[in-house]
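Report on one structure; see the data block that follows.
Numbering (this note's numbering), first residue to last: 1 to 334.
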């Protein structure tokens with residue numbers, strides 16, 4: 001479900017109270033204070049929700065937020081908040097750490113413990129909410145990553161930021177099964193961005209395998225278009241032996257090499273199904289996900305999905321046409 005919450009049209013003296021109310025209802029309970037001397041407060045929230053996926057764009061004038069012990073006693077707000085600063089600046093404090101967010105930075109906050117956020121001027125946050133139990137299961141020492149700046153100019157931070165930006169546009173199109181899978185992938189990719197950040201903290205020995213698995217997955221996703229991507233290149237890039245890389249994949253559904261090809265095929269399928277790429281040649285799409293030969297791509301695609309790339313693109317187009325027709329008929333009846 002996508003929805004918009006706004007202070008627009010409300011009397012000036014009611015806006016901050018309304019904003020605090022809707023943020024508490026839709027996100028986390030905390031106290032807010034406006035910036036002294038600020039004119040009428042303006043704020044808008046765009047929500048993108050589908051089952052386990054909870055995303056939002058928060059665009060507002062500056063204010064101060066504090067989540068204190070009194071809010072923790074309710075016990076019903078156990079989430080990790082991943083904030084991506086798109087505009088303005090923010091100061092975040094948690095666990096005796098203070099950081100300043102500039103455009104492009106990401107920071108993780110844990111709502112099960114007190115924290116504060118100061119936005120001194122107009123700002124734009126992209127917000128991802130992750131249930132606390134999910135985050136702690138995926139990253140056992142998750143609290144060690146709060147209030148640490150994760151840059152998005154390169155590496156896994158950049159990959160995750162771009163992924164979230166793209167996800168907002170298609171959340172509503174996901175069915176229940178797909179949204180569950182995407183939610184899991186989102187958490188995995190976030191963990192890779194966290195542990196791959198320059199200021200990464202020590203990883204507990206018991207979690208070392210998961211740490212390296214996330215590094216491996218993040219590197220492959222970031223370099224999927226590289227036609228020379230193979231075990232040798234990954235080994236050198238991650239400073240892990242080929243033997244250890246293969247050992248990491250023990251117990252996984254695929255070997256490392258076959259998983260790379262599967263990821264390439266899945267990426268090609270998503271691109272072919274996207275109407276924004278309807279005019280892009282199939283050969284160009286194949287090359288963009290790391291295939292060297294169009295013929296090799298077609299054979300592997302046919303084997304994986306029991307249809308040709310051309311047929312899948314046509315099928316996706318027909319499905320969109322039928323959906324548009326149904327929506328049009330529904331609009332005509334109202």
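Quick reminder that beta carbons are idealized off the backbone N, C-alpha and C, glycines included.
Every unbroken alpha helix (DSSP H) within the region 76-152, with a cutoff of 4 residues, ordered by chain | 132-138
Give the DSSP-derived three-state secondary structure of residue 34 in the structure shown.
-> To locate residue 34, count along the chain shown from 1; it is residue 34. Strand, per DSSP.
Residue 7 - partner residues in DSSP beta bridges | For the purposes of this step, residue 7 is identified with residue 7 of the chain shown, where counting begins at 1. DSSP lists no partner for residue 7.
Contact belief for residue 217 with residue 148 at Cβ below 8 Å, rounded distance in angstroms = In the chain shown, residue 217 corresponds to position 217, counting from 1. In the chain shown, residue 148 corresponds to position 148, counting from 1. Not quite, the Cβ-Cβ distance comes to about 21 Å (not below 8 Å), so this is no contact.
Do the CB positions of residue 107 and residue 83 come within less than 8 Å of each other?
-> For the purposes of this step, residue 107 is taken as residue 107 along the chain shown, with counting starting at 1. For the purposes of this step, residue 83 is taken as residue 83 along the chain shown, with counting starting at 1. A contact, by the Cβ cut-off of 8 Å.
For residue 226, three-class secondary structure by DSSP = As a working note, residue 226 is residue 226 in the chain shown. Three-state result, residue 226: coil.
Reference residue 122, options 237, 170, 40, 156, closest by Cα = Residue numbering aside, residue 122 sits at position 122 when the chain shown is read from its first letter. Nearest of 237, 170, 40, 156 to residue 122, Cα basis: 40.
Check whether the region 30-37 touches the region 7-14, counting contact only when three or more Cβ pairs, one atom from each stretch, lie closer than 8 Å.
-> no
Okay, do the region 237-251 and the region 286-295 touch, 3+ Cβ pairs below 8 Å being the bar?
-> no
Simplified DSSP assignment, three categories, for residue 240 | To locate residue 240, count along the chain shown from 1; it is residue 240. Correct three-state label for residue 240: coil.
Name the DSSP beta bridge partners of residue 163, please?
-> Numbered from 1 along the chain shown, position 163 holds the residue referred to as residue 163. According to DSSP, residue 163 bridges with nothing at all.
Taking 8 Å as the cut-off, decide whether the C-beta atoms of residue 221 and residue 263 are in contact.
-> One-based indexing of the chain shown puts residue 221 at position 221. One-based indexing of the chain shown puts residue 263 at position 263. Going by C-beta atoms, residue 221 is nearer than 8 Å to residue 263.
Using 8 Å as the Cβ pair cut-off and three pairs as the minimum, do the region 129-141 and the region 153-170 touch?
-> no
Alpha carbon of residue 26 to alpha carbon of residue 57, nearest angstrom = Taking the chain shown and counting its residues from 1, the one referred to as residue 26 is at position 26. Taking the chain shown and counting its residues from 1, the one referred to as residue 57 is at position 57. Distance between the alpha carbons of residue 26 and residue 57 is about 12 Å.
Are the beta-carbon atoms belonging to residue 92 and residue 45 less than 8 Å from one another?
-> Indexing the chain shown from 1 puts residue 92 at position 92. Indexing the chain shown from 1 puts residue 45 at position 45. Cβ distance not < 8 Å, so residue 92 and residue 45 don't count as in contact.
Three-state secondary structure (DSSP) at residue 28?
-> On the chain shown, position 28 is the one that residue 28 refers to. Note: residue 28 maps to coil in three-state DSSP.
Beta-carbon gap between residue 129 and residue 54 smaller than 8 Å | Working through the chain shown from its first residue, we reach residue 129 at position 129. Working through the chain shown from its first residue, we reach residue 54 at position 54. Cβ distance < 8 Å, so residue 129 and residue 54 count as in contact.
Unbroken alpha helix (DSSP H) run spanning residue 58, endpoints = In the chain shown, residue 58 corresponds to position 58, counting from 1. Looking at the DSSP string, residue 58 is not in any alpha helix (DSSP H); the run it does join, the beta strand (DSSP E), is 53-60.
For residue 276, which of helix, strand or coil comes out of DSSP?
-> For the purposes of this step, residue 276 is taken as residue 276 along the chain shown, with counting starting at 1. Correct three-state label for residue 276: helix.
For residue 323, the three-state DSSP class (helix, strand or coil) | Here the question's residue 323 lines up with position 323 in the chain shown. Residue state, collapsed to three classes: helix.
With distances taken Cα to Cα, identify the nearest neighbour of residue 101 among 319, 95, 117, 110.
-> Here residue 101 is taken as the residue at index 101 of the chain shown, counted from 1. The residue with the shortest Cα to Cα distance from residue 101 is 117.
According to DSSP, which residues form a beta bridge with residue 43?
-> The residue given as residue 43 occupies position 43 in the chain shown. Answer is 60, bridged to residue 43.
Exposed or buried, residue 272, counting other C-beta atoms within 10 Å across all chains shown (16 or more means buried)?
-> The sequence position of residue 272 within the chain shown is 272, counting from 1. Buried: at least 16 other Cβ atoms inside 10 Å.
What does residue 50 pair with, by DSSP beta-bridge criteria?
-> Position 50 of the chain shown, counting from 1, holds the residue named residue 50. BP columns for residue 50 point to 53.
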